[in-house]
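Number of protein chains: 2
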Amino acid sequence: MATIYQVSELAGVSLATVSRVMNNNVRVSEATRNKVLQAMEQLGYRPNSIAQSLASSRSNSIGILVSELHGPFYGEMLTGIEAEFRAAGKHVIIAAGHSERATEEDGIEFLLSRNCDALILHVEAVSDQYLIDLSKKQTPFVLLNRQITALADRCISLDNELGGYLATRYLLEQGHRHIAYIAGPMWKTDARDRFHGHQRALAGYQLTAEEALFFEGDFRETGGSKGLQALLASGRPFSAVVCANDEMASGALTAARELGYEVPADFSVMGFDNVNFAYYTYPKLSTIDYPVSAMGQMAARWVLQQVYQQSSIEVQQIFDPHLIPRDSVAEAAVT
Amino acid sequence: MATIYQVSELAGVSLATVSRVMNNNVRVSEATRNKVLQAMEQLGYRPNSIAQSLASSRSNSIGILVSELHGPFYGEMLTGIEAEFRAAGKHVIIAAGHSERATEEDGIEFLLSRNCDALILHVEAVSDQYLIDLSKKQTPFVLLNRQITALADRCISLDNELGGYLATRYLLEQGHRHIAYIAGPMWKTDARDRFHGHQRALAGYQLTAEEALFFEGDFRETGGSKGLQALLASGRPFSAVVCANDEMASGALTAARELGYEVPADFSVMGFDNVNFAYYTYPKLSTIDYPVSAMGQMAARWVLQQVYQQSSIEVQQIFDPHLIPRDSVAEAAVT
DNA sequence: TAGTATTATGTAAGCGCTTTCATTTATAGC
DNA sequence: GCTATAAATGAAAGCGCTTACATAATACTA
Numbered sequence: 001m002a003t004i005y006q007v008s009e010l011a012g013v014s015l016a017t018v019s020r021v022m023n024n025n026v027r028v029s030e031a032t033r034n035k036v037l038q039a040m041e042q043l044g045y046r047p048n049s050i051a052q053s054l055a056s057s058r059s060n061s062i063g064i065l066v067s068e069l070h071g072p073f074y075g076e077m078l079t080g081i082e083a084e085f086r087a088a089g090k091h092v093i094i095a096a097g098h099s100e101r102a103t104e105e106d107g108i109e110f111l112l113s114r115n116c117d118a119l120i121l122h123v124e125a126v127s128d129q130y131l132i133d134l135s136k137k138q139t140p141f142v143l144l145n146r147q148i149t150a151l152a153d154r155c156i157s158l159d160n161e162l163g164g165y166l167a168t169r170y171l172l173e174q175g176h177r178h179i180a181y182i183a184g185p186m187w188k189t190d191a192r193d194r195f196h197g198h199q200r201a202l203a204g205y206q207l208t209a210e211e212a213l214f215f216e217g218d219f220r221e222t223g224g225s226k227g228l229q230a231l232l233a234s235g236r237p238f239s240a241v242v243c244a245n246d247e248m249a250s251g252a253l254t255a256a257r258e259l260g261y262e263v264p265a266d267f268s269v270m271g272f273d274n275v276n277f278a279y280y281t282y283p284k285l286s287t288i289d290y291p292v293s294a295m296g297q298m299a300a301r302w303v304l305q306q307v308y309q310q311s312s313i314e315v316q317q318i319f320d321p322h323l324i325p326r327d328s329v330a331e332a333a334v335t
Numbered sequence: 001m002a003t004i005y006q007v008s009e010l011a012g013v014s015l016a017t018v019s020r021v022m023n024n025n026v027r028v029s030e031a032t033r034n035k036v037l038q039a040m041e042q043l044g045y046r047p048n049s050i051a052q053s054l055a056s057s058r059s060n061s062i063g064i065l066v067s068e069l070h071g072p073f074y075g076e077m078l079t080g081i082e083a084e085f086r087a088a089g090k091h092v093i094i095a096a097g098h099s100e101r102a103t104e105e106d107g108i109e110f111l112l113s114r115n116c117d118a119l120i121l122h123v124e125a126v127s128d129q130y131l132i133d134l135s136k137k138q139t140p141f142v143l144l145n146r147q148i149t150a151l152a153d154r155c156i157s158l159d160n161e162l163g164g165y166l167a168t169r170y171l172l173e174q175g176h177r178h179i180a181y182i183a184g185p186m187w188k189t190d191a192r193d194r195f196h197g198h199q200r201a202l203a204g205y206q207l208t209a210e211e212a213l214f215f216e217g218d219f220r221e222t223g224g225s226k227g228l229q230a231l232l233a234s235g236r237p238f239s240a241v242v243c244a245n246d247e248m249a250s251g252a253l254t255a256a257r258e259l260g261y262e263v264p265a266d267f268s269v270m271g272f273d274n275v276n277f278a279y280y281t282y283p284k285l286s287t288i289d290y291p292v293s294a295m296g297q298m299a300a301r302w303v304l305q306q307v308y309q310q311s312s313i314e315v316q317q318i319f320d321p322h323l324i325p326r327d328s329v330a331e332a333a334v335t
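Read top to bottom, the protein sequences are chains A and B. Once you know that position 280 of the first sequence is 280 in UniProt numbering, the rest is easy, because the numbers rise by one and skip nothing. Once you know that position 310 of the second sequence is 310 in UniProt numbering, the rest is easy, because the numbers rise by one and skip nothing.
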């Protein structure tokens, strides 16, 4: 591989000049620039990004930590991130945290050791304090899908409360008055926020959430099926159930079918997230869209703006979810 | 950040010695090693991987090019790859090729410019010749899910023909004799191979594929629904349809329902790939499992073995698919 | 115990760039 | 035409490591 030195020789200029041409430094005359460009072409020169990084103390790499690389969610996020950085000539190093504290901390440590210029973190298990401490170190980072007051300016998240509100309001508008709720693990902020939105929507109709119609699930399919069974077993009538995510909604759908109920004829089901398979369930799941790709892209922009000084870029920190009506919700029968 | 120099000062040894303890070079006495380790600890020293790379001309990074980062397929693959490399202290740089020639070549160029030690490529649009040319350059690479004779030793792929065979044989075993086929784009090798497997299975029962019961789809949902409509319109009776992938199978399922047919009562449907949502369709899709995560892992091992000389590692190049029976296939009614 | 083979450590030359500072060359002002 | 100023280029010092090669310390042999 040709080096900058060979280019400089062939072009008959100094190293420094070649470097200037590469970095589009203004201080090069047209004539020289052309000579250099031609020499590069001729040698098939490609800069050594490692050497560039060492000399400039910038790796042009951004570390991404997500919980999983598979699954319907993170792929979308990565897509948004990668596209944005690729266009900017930066590259992305990925690591998986598997929602476990030790693995997440490990992953961050790993990315840091890779000299990333910045980090985009989607972490669940690590403590707020850990992140606050991390923020005092060198490497800047953004947090996706997490709100920490002390770090508010580096958080990009969804208005989960609004999403919860929209889901339940939709059901109310369809005439439902007895609405069951299958929540996520309530120690997770987003699970709590979604439920609060649910409560607010009910309050708008002078209703409150009934204790007997609440089930705390685990954001997985089994949580949804267990939840539906528990709800049914409670004996309290309901005409709709909102699930705090699509996995649980899918579980509820399956359980309903197995128990001989028909959705949405017997009761309606709402999901949350609009993951890819929500479209493949039967009936197709009505849900709340989580604009995860856009949020990933925005995280990338935050980095571009804060770390690489691309100041023209606008950053939006809070995203709004919106309703995706499909087939799993119907109007309530008039009682 | 502390440098190796500061460590060496604190420990009272030379640069070289510190470097040796880092690289676990044997030629260091216990006493010195401990002194150095302690100094590192004390300074919170972390080696600068960029400088290491420049000096050793090894970046410890592996470039991954996949078609998409989202979707049910590539995430699994990346999971397998990342886990393997992470454990080996290597890192992964990802880029998306979007199944377009220019973007794929671009992506490869990009990864190359990042000084990757090796590449793992899942490319569809780039020509065989391009890859053969690439193989003559410095950077080694493995090909996932692609067979090129001239590059056989760096191909890791699924036995698609076998998969196609298994799918159809299963249907035959269930008593089906009139089996329709919705293929992928026949210019793609895997689509062709799967179809050949189908033919071989039929031949085993002294049957041949009927022209009228063949439809060339596009591996997408719409291809499946259009395909089913065309098949139905042909007027030829069939009791089962095998789709060359799960997306098309899902499309067929939806179309069947919309046209008033019931699966598997009216006819059975087979998919291929076993992507995550295959479990969420109704009825749950019987399909052929594509061990994509294992294959990703194997690609990573190939790299570890070939590029980083971890010779103890075994590499398997051809993977076998296997049958996943679920609910979309039933026994054929006796005629 | 001298002489040799080993083993442990140090010295210093890069790796391929960026960037500061100094120098040369062109442009302008009078 | 000569100085003052700006623009273009060059020289060279790193960036933080690895790795020959040289040297010093220790162990082994006869």
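From the three backbone atoms N, C-alpha and C, an ideal C-beta is built for every residue, glycine too.
Alpha-carbon spacing of residue i relative to residue j, whole angstroms
| i | j | result |
| --- | --- | --- |
| Ser157(A) | Gln129(A) | 19 Å |
| Leu313(B) | Ile132(B) | The displayed chain sequence assigns Ile, not Leu, to residue 313(B). In a straight line, the C-alpha of Ile313(B) is about 26 Å away from that of Ile132(B). |
| Met22(B) | Glu9(B) | 15 Å |
| Cys116(B) | Lys90(B) | 11 Å |
| Leu144(B) | Gln199(B) | 25 Å |
| Thr222(B) | Phe195(A) | 36 Å |
| Gln317(B) | Cys155(B) | 7 Å |
| Asp320(B) | Asn276(B) | 19 Å |
| Gly271(A) | Ala183(B) | 33 Å |
| Ala191(A) | Glu210(A) | 17 Å |
| Asp106(A) | Tyr5(B) | 26 Å |
| Thr103(B) | Glu68(B) | 11 Å |
| Asp193(A) | Asp327(A) | 25 Å |
| Asp246(B) | Ala278(A) | 15 Å |
| Ala83(A) | Leu43(B) | 38 Å |
| Pro47(B) | Thr3(B) | 7 Å |
| Leu15(B) | Val307(B) | 28 Å |
| Asp218(A) | Gly227(A) | 10 Å |
| Asn25(A) | Val26(B) | 47 Å |
Min CB distance residue i to chain B below 7 Å
| i | result |
| --- | --- |
| Tyr280(A) | yes |
| Arg326(A) | no |
| His70(A) | yes |
| Phe277(A) | yes |
CB contact below 7 Å: residue i versus chain A
| i | result |
| --- | --- |
| Arg46(B) | yes |
Contacting residues, own chain, Cβ-Cβ under 8 Å from residue i (five flanking each side not counted)
| i | result |
| --- | --- |
| Gly197(A) | Asn160, Glu161, Leu162, Gly163, Gly164, Tyr165, Leu166, Ala167 and Thr168 |
| Gln147(B) | Cys155, Ser157 and Thr189 |
Contact under 7 Å by Cβ, residue i with residue j
| i | j | result |
| --- | --- | --- |
| Leu202(B) | Ala249(B) | no |
| His98(B) | Thr79(A) | no |
| Cys243(B) | Ala233(B) | no |
| Val36(A) | Ala11(A) | yes |
| Thr287(B) | Tyr280(A) | no |
| Ala240(A) | His322(A) | no |
| Val18(A) | Val28(A) | no |
| Val334(A) | Ser268(A) | no |
| Ala265(B) | Arg236(B) | no |
| Ile324(B) | Asp289(B) | yes |
| residue 340(B) | Val142(B) | Summary: the structure shown does not reach residue 340(B), with chain B confined to residues 1 through 335, and so no result is reported for it. |
Residues near residue i by beta carbon distance below 7 Å, same chain, minus five either side
| i | result |
| --- | --- |
| residue 336(A) | The shown model of chain A, from 1 to 335, leaves out residue 336(A), and the question about it has no answer. |
| Thr254(A) | Ser225 |
| Thr32(B) | Val13 and Thr17 |
| Ser59(A) | Ser53, Asn115, Cys116 and Asp117 |
| Val263(B) | Leu253, Ala256, Val269, Pro283 and Ser328 |
Same chain only: Cβ atoms within 6 Å of residue i, ignoring 5 sequence neighbours per side
| i | result |
| --- | --- |
| Ile94(B) | Ile64 |
| residue 348(A) | Beyond the ends of chain A as shown, which are 1 and 335, falls residue 348(A); an answer cannot be given. |
Given a limit of 7 Å on CB to CB distance, which residues of the region 48-64 of chain B reach chain A?
Result list: Asn48, Ser49, Ile50, Ala51, Ser53, Leu54 and Ser59.
Which residues, in order along the region 74-96 of chain A, keep a beta-carbon less than 8 Å from a beta-carbon of chain B?
Of all residues in the region 74-96 of chain A, Tyr74, Gly75, Glu76, Leu78, Thr79, Glu82, Ala83, Arg86, His91, Val92, Ile93, Ile94, Ala95 and Ala96 have a Cβ within less than 8 Å of some Cβ in chain B.
Contact set between the region 110-126 of chain A and chain B, restricted to residues whose Cβ is under 9 Å from the partner:
Those would be Phe110, Leu111, Leu112, Ser113, Arg114 and Asn115, in chain order.
Residues from the region 244-272 of chain B in contact with chain A, defined by Cβ distance under 7 Å
Listed in chain order, the positions of the region 244-272 of chain B with a beta carbon within less than 7 Å of a beta carbon of chain A are Ser250.
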